[in-house]
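In the numbering used here, the protein residues as written are 273 to 448.
C-beta atoms are modelled at their ideal positions from N, C-alpha and C, and glycine is treated no differently.
Here the structure is a predicted model, which means the values were calculated and not measured.
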Ligand code: SF4
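Right under this line is the structure:
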């Protein structure tokens, strides 16, 4: 099987071992390679690096403001990255994401988490934990059928098998 024949999956780059996190580290997830055969190929995305936030960088968090949810610098909440992250996600949605058959996102990330993310109020208190990262949110809105999972779900054999099955079905439909 050549690389171009393989089913393409998007992955948050830090899970692939890229040192792109705010602290200059990665979050390599060996389970990706144990769980998937060479039927698949990964394409990494790091929205925060892509929009020029740099490595290392101050961390951000999602804050419920009057105008909606904003991706704010944790130290200086006047610095916001919401628009840049949204623009980047829309740009990727129009290009690379359409070629994917699934996405493995990094949990707990204000950019990448596909769900269960902490949302803060303007005083830094947790409002709820049902948020979605800015990048993941745009991708899921534009591709509501795209199978998505985070690394914790992927580490669970039942959830992983279901995800892989959904990916294969999505891929087959994309060929029709
Ligand atoms: S979670 Fe997403 S934005 Fe954060 S370092 Fe990983 S790939 Fe980049």
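Pairing residue 282 with residue 372 gives a Cβ-Cβ distance under 9 Å. Relative to the ligand SF4, residue 294 has its C-beta within less than 8 Å of a heavy atom. Straight through space, the alpha carbons of residue 316 and residue 284 are spaced by roughly 6 Å.
Excluding the 5 residues flanking it on each side, residue 418 has same chain C-beta neighbours closer than 8 Å at 369, 372, 373, 374, 375, 411, 412 and 442, in chain order.
If only uninterrupted alpha helix (DSSP H) runs of at least 4 residues are considered, those enclosed by the stretch 385 to 435 are 406 to 414 and 423 to 427. According to the DSSP secondary-structure assignment, residue 334 is paired through a beta bridge with 343 and 391.
Residue 342 has its Cβ no nearer than 8 Å to any heavy atom of the ligand SF4. Sorting 377, 335, 336 and 310 by C-alpha distance to the C-alpha of residue 424 places 377 at the top. The DSSP-derived three-state label of residue 447 is helix. Collapsing the DSSP output to three states places residue 309 in coil. Between the ligand SF4 and residue 419, a heavy atom-to-CB distance of less than 8 Å is absent. For the pair residue 392 and residue 276, the Cα-to-Cα distance works out to about 42 Å. In terms of CA proximity to residue 339, 355 leads the group 326, 329, 379 and 355.
The beta carbon of residue 341 is closer than 6 Å to those of 334 in its chain, skipping five residues each way along the sequence.
Within the DSSP secondary-structure output, residue 316 pairs in a beta bridge with 283. Between the ligand SF4 and the CB of residue 321, the shortest heavy atom gap is smaller than 8 Å. For residue 287, the shortest separation between its Cβ and any heavy atom of the ligand SF4 lies below 8 Å.
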